[in-house]
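Okay, structure first, notes after.
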Amino acid sequence: MAAGPLSVSSNASTNNDGILIGDKVYSEVYLTIDNSLIPEERLSPTPSMLDGLDLNTETDLRILGCELIQSAGILLRLPQVAMATGQVLFQRFFYSKSFVKHSFEIVAMACINLASKIEEAPRRIRDVINVFHHLRQMRCKKTPSSLILDQNYINTKNQVIKAERRVLKELGFCVHVKHPHKIIVMYLQVLDCEKNQTLVQTAWVVHAGTT
32 MAAGPLSVSS
42 NASTNNDGIL
52 IGDKVYSEVY
62 LTIDNSLIPE
72 ERLSPTPSML
82 DGLDLNTETD
92 LRILGCELIQ
102 SAGILLRLPQ
112 VAMATGQVLF
122 QRFFYSKSFV
132 KHSFEIVAMA
142 CINLASKIEE
152 APRRIRDVIN
162 VFHHLRQMRC
172 KKTPSSLILD
182 QNYINTKNQV
192 IKAERRVLKE
202 LGFCVHVKHP
212 HKIIVMYLQV
222 LDCEKNQTLV
232 QTAWVVHAGT
242 T
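According to my numbering, the sequence shown holds residues 32 to 242 in order.
Listed below in structure tokens is the structure:
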């Protein structure tokens with residue numbers, strides 16, 4: 032995910048706190064359509080490391096968050112591109128903010144909810160919360176039970192809404208994602224390998240794992 036120095040558009044300037052666009056200061060993780068990769072110097076130390084979280088635990092949380100987004104996307108019947116977008120947003124956010132200070136599950140819900148809108152396959156936030164509720168029960172090996180629309184649900188809904196806004200703010204409202212999946216078939220055709228189903232499947236999985 033490493034890249035060269037960030038390019039800032041002509042109407043934006045930098046300061047010690049982040050990127051100034053108009054009268055608003057956004058995160059230093061500044062992403063544009065021309066530059067959607069995180070610069071190498073932002074990869075380590077991460078905000079979570081600065082808060083005392085060890086690398087292995089952070090990596091596990093990143094993997095778990097992406098697995099939850101993928102599993103939730105399947106249950107929500109979202110297109111694969113929406114799941115991939117949600118995973119990219121999740122990863123980007125936690126290069127700006129810490130796992131210590133932000134619930135990875137709430138952020139994962141916010142990211143897949145936002146991604147469903149970006150990829151023009153919006154889902155109700157209630158359905159997103161319900162799916163994550165089900166996944167949590169399965170993960171904890173509990174007997175599945177229906178989501179109760181009580182105060183806890185309302186609190187979770189409000190947290191997800193706030194987290195979605197926070198993700199947008201931290202990414203400077205630039206949520207464009209360049210997925211590698213679109214060019215896989217083209218490369219396989221050039222290599223005359225598009226009929227090799229094992230290779231096609233492996234290439235797709237590898238790309239999905241690196242988004």
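For glycine and all other residues, C-beta sits at the position ideal for the given N, C-alpha and C.
1) Can you give, in chain order, each stretch of the alpha helix (DSSP H) that sits fully within the segment 112–181 and has at least 4 residues?
2) Checking 8 Å against the spacing of the C-beta atoms, do Ala103 and Phe163 come in under that value?
3) Mind checking which residues open and close the alpha helix (DSSP H) that includes Glu89?
4) Any idea what DSSP makes of Ser79, helix, strand or coil?
5) Express the C-alpha separation of Met140 and Glu225 in angstroms, rounding to a whole number.
6) In whole angstroms, what separates the C-alpha of Leu222 from that of Gln111?
7) At a cut of 8 Å, does the segment 71–89 reach the segment 120–131 through at least three beta carbon pairs?
8) On the three-state DSSP scale, how would you describe Val208?
9) Alpha carbon to alpha carbon, how far is Gln182 from Ala234?
10) Would Glu201 and Ser79 be called neighbours here (beta carbons separated by less than 8 Å)?
11) So, at 6 Å on beta carbons, what are the nonlocal neighbours of Ala194 in its own chain, with the 5 sequence-adjacent residues on each side left out?
12) Using three-state DSSP, classify Leu199 as helix, strand or coil.
13) What would DSSP say about Ile215, mapped onto helix, strand or coil?
14) Just to confirm, are Val206 and Ile149 a CB contact at a threshold of 8 Å?
According to the structure data:
1) The segment 112–181 contains these whole alpha helix (DSSP H) runs: 135–149, 156–170.
2) In contact: Ala103 and Phe163 (Cβ atoms closer than 8 Å).
3) Membership of Glu89 in the alpha helix (DSSP H) is indicated by the continuous run 86–106.
4) If DSSP states are grouped into helix, strand and coil, Ser79 belongs with the helices.
5) Annotation: Glu225 to Met140 spans about 35 Å, alpha carbon to alpha carbon.
6) Going by the C-alpha atoms only, they are around 24 Å apart.
7) Under the 8 Å Cβ criterion, the segment 71–89 counts as touching the segment 120–131, having at least three qualifying pairs.
8) Here Val208 carries a coil assignment [DSSP, helix/strand/coil].
9) Looking at the two C-alpha atoms, the distance is approximately 45 Å.
10) In this structure, Ser79 does not lie closer than 8 Å to Glu201 by Cβ.
11) In the same chain as Ala194, and ignoring 5 residues on each side of it, the C-beta atoms closer than 6 Å to its own belong to Ile137, Val138, Ala141, in chain order.
12) DSSP places Leu199 in the helix class (H, G or I) of the three-state scheme.
13) Ile215: helix per DSSP, three-state reduction.
14) When the beta-carbon positions are compared, Val206 and Ile149 come within less than 8 Å of each other.
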